[in-house]
Amino acid sequence: PAVNGTGSVADDTLGVLLQHINKAHLEESPGQQLADILNPDAYVKMHTVWAEHLLAPTENYVTNSC
């Protein structure tokens, strides 16, 4: 497995995914989630940042392994 200094890339990526699911979906009411979706600008910006965080462990591994 791809391993960086602190853990595997898969573990780090899964951690980011689970944190997002917990904070943005399980800890928010359905009404708040609907309000978030109805604000497309904020929704897209938030998910763009989330995607960057999700890809960061892989990017860091590839960048530091070459």
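Each residue of the sequence shown is one higher than the one before, counting from 16 in the working numbering.
Glycine included, each C-beta is placed from N, C-alpha and C at the ideal position.
Any C-beta of chain C under 8 Å from that of residue i
i: residue 60; result: As a matter of chain content, chain C is missing from the structure shown, which is built from one protein chain.
Neighbourhood of residue i by C-beta distance below 6 Å, restricted to the same chain and skipping five residues each side
i: residue 35; result: 65
Opening and closing residue of the alpha helix (DSSP H) in which residue i lies
i: residue 60; result: 55–80
i: residue 50; result: 45–52
Sequence-distant residues of the same chain with beta carbon closer than 7 Å to residue i, five excluded per side
i: residue 27; result: 72
Note to self: Below 8 Å, how does it come out for the stretch 22–29 and the stretch 48–60: are there three or more Cβ pairs, yes or no?
What the structure shows: Contact between the stretch 22–29 and the stretch 48–60 is not established, with fewer than three Cβ pairs separated by less than 8 Å.
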